[in-house]
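What follows is a set of notes on a single structure, which appears directly below.
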Amino acid sequence: MFKRSTLSLSIPLLLALTGCDQAPKEPVSGKDVKVVSAAATTLPAKLPTYADTIYTGGDIITIDDAQPSAEAVATKNGKIIAVGKMTDLEKYKNAKTNVVDLAGKTLIPGFVDAHGHVFNVGLQALAANLLPPPDGIGRDINSVIEITKQWHKDFPERSDKAGWIIGFGYDDSQLTEKRHPTADDLDKISTEVPVILIHQSGHLAAVNHKALEVAGVTEKTPDPEGGVFVRKEGTQEPNGTLEENAFYYVLGKVLANLSVEDNENIFKAGMKMYSQFGYTTGQEGRAFPNIMPIMQKVAEEGQAPIDVVAYPDIVIASQTITGPYLSKDYTNNFRIGGAKITIDGSPQGKTAWLSQPYFEPPKGKDGSYVGYPAIPNDNTFKYVDKAFQNNWQILAHANGDAAIDVFLAAIKQAEDKYGKQDRRPVLIHGQTIRPDQINTLKELDIFPSLFPMHTYYWGDWHRDSVLGPERAEFISPTKTVYDKGIKFSSHHDAPVALPDSMRVLSATVNRRSRTGDIIGPAERVSPLVALKAMTIWPAYQHFEENKKGSIEVGKEADFVILSENPLKIDPLKIEKIQIQATINNDKTIYQLDK
Numbered sequence: 003m004f005k006r007s008t009l010s011l012s013i014p015l016l017l018a019l020t021g022c023d024q025a026p027k028e029p030v031s032g033k034d035v036k037v038v039s040a041a042a043t044t045l046p047a048k049l050p051t052y053a054d055t056i057y058t059g060g061d062i063i064t065i066d067d068a069q070p071s072a073e074a075v076a077t078k079n080g081k082i083i084a085v086g087k088m089t090d091l092e093k094y095k096n097a098k099t100n101v102v103d104l105a106g107k108t109l110i111p112g113f114v115d116a117h118g119h120v121f122n123v124g125l126q127a128l129a130a131n132l133l134p135p136p137d138g139i140g141r142d143i144n145s146v147i148e149i150t151k152q153w154h155k156d157f158p159e160r161s162d163k164a165g166w167i168i169g170f171g172y173d174d175s176q177l178t179e180k181r182h183p184t185a186d187d188l189d190k191i192s193t194e195v196p197v198i199l200i201h202q203s204g205h206l207a208a209v210n211h212k213a214l215e216v217a218g219v220t221e222k223t224p225d226p227e228g229g230v231f232v233r234k235e236g237t238q239e240p241n242g243t244l245e246e247n248a249f250y251y252v253l254g255k256v257l258a259n260l261s262v263e264d265n266e267n268i269f270k271a272g273m274k275m276y277s278q279f280g281y282t283t284g285q286e287g288r289a290f291p292n293i294m295p296i297m298q299k300v301a302e303e304g305q306a307p308i309d310v311v312a313y314p315d316i317v318i319a320s321q322t323i324t325g326p327y328l329s330k331d332y333t334n335n336f337r338i339g340g341a342k343i344t345i346d347g348s349p350q351g352k353t354a355w356l357s358q359p360y361f362e363p364p365k366g367k368d369g370s371y372v373g374y375p376a377i378p379n380d381n382t383f384k385y386v387d388k389a390f391q392n393n394w395q396i397l398a399h400a401n402g403d404a405a406i407d408v409f410l411a412a413i414k415q416a417e418d419k420y421g422k423q424d425r426r427p428v429l430i431h432g433q434t435i436r437p438d439q440i441n442t443l444k445e446l447d448i449f450p451s452l453f454p455m456h457t458y459y460w461g462d463w464h465r466d467s468v469l470g471p472e473r474a475e476f477i478s479p480t481k482t483v484y485d486k487g488i489k490f491s492s493h494h495d496a497p498v499a500l501p502d503s504m505r506v507l508s509a510t511v512n513r514r515s516r517t518g519d520i521i522g523p524a525e526r527v528s529p530l531v532a533l534k535a536m537t538i539w540p541a542y543q544h545f546e547e548n549k550k551g552s553i554e555v556g557k558e559a560d561f562v563i564l565s566e567n568p569l570k571i572d573p574l575k576i577e578k579i580q581i582q583a584t585i586n587n588d589k590t591i592y593q594l595d596k
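What follows is the structure, given as structure tokens:
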């Protein structure tokens, strides 16, 4: 663990003594920075001479190509004021400076969430953990049932508040039975209280008969557009499995029962979990209308320990993309970055929309099954046009290459209509993207936020069942994208998985599956490139590259302290690196217990 100098004072006390109660809102622009030596860069002399904090005594990976490493970093008022050799930074130290001895650990920039759902991570944190190993013990349907029953016994107040028993993270591809739990199975948990178990993908769920009753779903209920109530074979009776918009319809019934305070606690729990994995910037990558005021309220009350950028669902929440929070600058650590559109589902759930059939179709489907769109194609064009018309950054969830085709065509049409600008539209996931589509990304300046972590969690499933060996090799092709000269980001899509930064980093570097197979060895990238895809490049994705993502003078003092240097150790050991501390604007928001 890192050590603090005996002469140092706490940051809050130091701020009180210097009369500084908060960090400046704007970073120093590049034109104001001057280099005083090859060893250290500094801010203009007009700024305070002495640093609040100096970090030294370990490896410092700056993610700054002009100065890749350093011996020390000095900060003032939540901003970086010097980076270089410790001998050159001594002049910034006085008796009040807090000197943090890294004790041989490694300092890197804070992780920037390229795509995740920080609010839903809070729901995951408070629900029964049904994840399969290594993140949980949900190995089969019986264990999923027993975990949920025990959670209900241990935390009765949580299900009492919601009116539902809630579990999160089961995965049919990892269960022994290789199927979803049915309503009959979940009646073993309760026949009197509605039960909903959310699939690890976040695109499906399993419910009991009481939940179907409460939601008003019967054999006469039609499937919603872009969703399916799975039926018992040979009948119209729902079997308890909900796909896509059918799931979101029922989930809305669950969340509607929660109070404002409950929802605030969910959001806070999500941010807390993010900080434990080194994220200083989180994303709510598909915000619904009911949670937008919740997140803003928590931020206004000063309860957001990390920055959160939200992208409301453009179909049902476009009315919330307005007001002072719609900005490239944060207010109380919160802002609205633009809009989100969801075009298809998940490959592991076999609801992603492909151009070629699934390797093995899901039960009840024939060999021509290719998944389906979540919204009609005309709506994709309409909503992308709306984003361009309002100058909103648009993020598009598109896993299948057929869905990607529609998004690319919609961007091309909108760009032809409104002209080229620096809008940075983002392709989220793009897991089955084709080489020709990568070329189109570059032509249209679309930023790819890719999902190589899938190669760990579902690589074997993609190879053996979803895509087959050939297509699975090219899933989330980070190296091909990089070789094309395209910046990309690498994300976790939590709560699809835990927001585990080291798992993201390891998967981007190694592409090793649960069984140890390498899924697409040609698509592996170096640890440094993978770190850029979690720091400076997602900062660029969010229009924040001048404020975050690297350890440079004038940028925010957002750091992570790692137990080991990921650039020096065996890449296969990256996943074992521990987050020692997370620091946002020079304030420690998470520290590993000794």
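Residue numbers (my numbering): 3 to 596. Just so it is clear, CB atoms sit at the ideal spot from N, CA and C, and this is done for glycine as well.
Could you give the uninterrupted runs of the alpha helix (DSSP H) lying entirely in the stretch 142-188, keeping only those of 4 residues or more?
143-156, 158-164 and 185-188
Using three-state DSSP, classify GLU73 as helix, strand or coil.
strand
Length-filtered (4 minimum) alpha helix (DSSP H) runs lying within the stretch 176-246
185-188 and 211-217
To the nearest angstrom, how far is the alpha carbon of THR447 from that of ILE343?
The residue asked about is misnamed: residue 447 is Asp in this sequence, not Thr. Taking the straight line joining both Cα atoms gives about 18 Å.
Continuous alpha helix (DSSP H) stretch holding VAL483: start and end
480-485
Whose CA, out of THR220, PRO349 and LYS557, lies closest to the CA of LEU469?
PRO349
Does the beta-carbon of ALA416 have 16 or more other beta-carbons within 10 angstroms, so that it is buried, or is it exposed?
buried
Any C-beta of chain C sitting closer than 7 Å to the C-beta of GLY366?
Here there is only one protein chain, and chain C is not present.
Does the stretch 107-118 come within contact of the stretch 535-547, defined as at least 3 CB pairs closer than 8 Å?
yes
For VAL428 and ILE377, which I take to be in contact (beta-carbon distance under 8 Å), what is that distance rounded to the nearest angstrom?
The Cβ separation is near 18 Å, so there is no contact.
Beta-carbon spacing of PHE170, ALA207 below 7 Å
no
Is the stretch 371-387 touching the stretch 491-503, taking contact as three or more C-beta pairs under 8 Å?
no
Looking at the unbroken alpha helix (DSSP H) that takes in PHE336, where does it start and where does it end?
PHE336 -> not in any alpha helix (DSSP H); beta strand (DSSP E) instead, spanning 336-338.
Decide if THR610 is buried, meaning its Cβ has at least 16 other Cβ atoms within 10 Å, or exposed.
Past the edges of the chain, shown from 3 to 596, lies residue 610, and the structure says nothing about it.
For GLU2, I'd like the list of residues in its chain whose CB is within less than 6 Å of its CB, leaving aside the five on either flank, ordered along the chain.
The structure shown has nothing for residue 2, since the chain only spans 3 to 596.
What span of residues does the alpha helix (DSSP H) with ILE538 cover, start to end?
538-543
State the Cα-Cα distance for the pair TYR420 and GLN395, rounded to the nearest angstrom.
14 Å
Taking buried to mean at least 16 other C-beta atoms within 10 Å of its own C-beta, is ASP173 buried or exposed?
buried
Skipping 5 residues on each side, what residues in its chain have a beta carbon closer than 8 Å to that of THR58?
GLU73, ALA74, VAL75, MET88, LEU91, VAL101, VAL102, ASP103 and LEU104
Bridge partners - PRO619, DSSP secondary structure assignment
Lying outside 3 to 596, the shown extent of the chain, residue 619 is not represented and no answer is given.
Pick out whichever of VAL506, THR434 and MET504 has its Cα sitting closest to the Cα of VAL483.
THR434
Report the residue from MET294, LYS81, THR220 and TRP463 whose alpha carbon sits nearest the alpha carbon of GLU555.
As written in the sequence, residue 555 is Val, which differs from the Glu given in the question. Checking every option, the nearest Cα to that of VAL555 belongs to LYS81.
Segments assigned beta strand (DSSP E), at least 3 residues, entirely inside the stretch 505-589:
561-564 and 581-586
For the 8 Å Cβ check, are there 3 or more pairs between the stretch 117-130 and the stretch 288-304?
yes
Using the three-state DSSP reduction, which class does HIS494 fall into: helix, strand or coil?
coil
Give me the Cα-Cα distance between ASP403 and PRO437, rounded to the nearest whole angstrom.
10 Å
Does the Cβ of ALA97 have 16 or more other Cβ atoms within 10 Å, making it buried, or fewer, making it exposed?
exposed
Can you pull the DSSP bridge partners for PHE383?
According to DSSP, which records beta bridges pairwise, PHE383 is partnered with nothing at all.
Please confirm whether TRP153 and ILE198 have their CB atoms less than 7 Å apart.
no
Run of the beta strand (DSSP E) containing PRO364, from where it starts to where it stops
Element bounds for PRO364: n/a, residue is neither H nor E.
Please determine, among PRO471, TYR332 and PHE490, the residue with the shortest C-alpha to C-alpha distance to LYS444.
PHE490
Residues in the same chain with beta-carbon distance under 7 Å from ALA319, minus the five sequence neighbours each way, listed in chain order, please.
ALA289, PHE290, PRO291 and MET294
Do you know whose CA, among PHE409, TYR458, ASP462 and ASP424, lies nearest THR442's CA?
PHE409
Tell me whether GLY254 sits in a helix, a strand or coil according to DSSP, three-state version.
helix
According to DSSP, THR108 sits in a beta bridge with which residue or residues?
ASP61 and LEU564
Would you call the stretch 584-591 and the stretch 271-286 in contact, with 3 or more CB pairs under 8 Å?
yes
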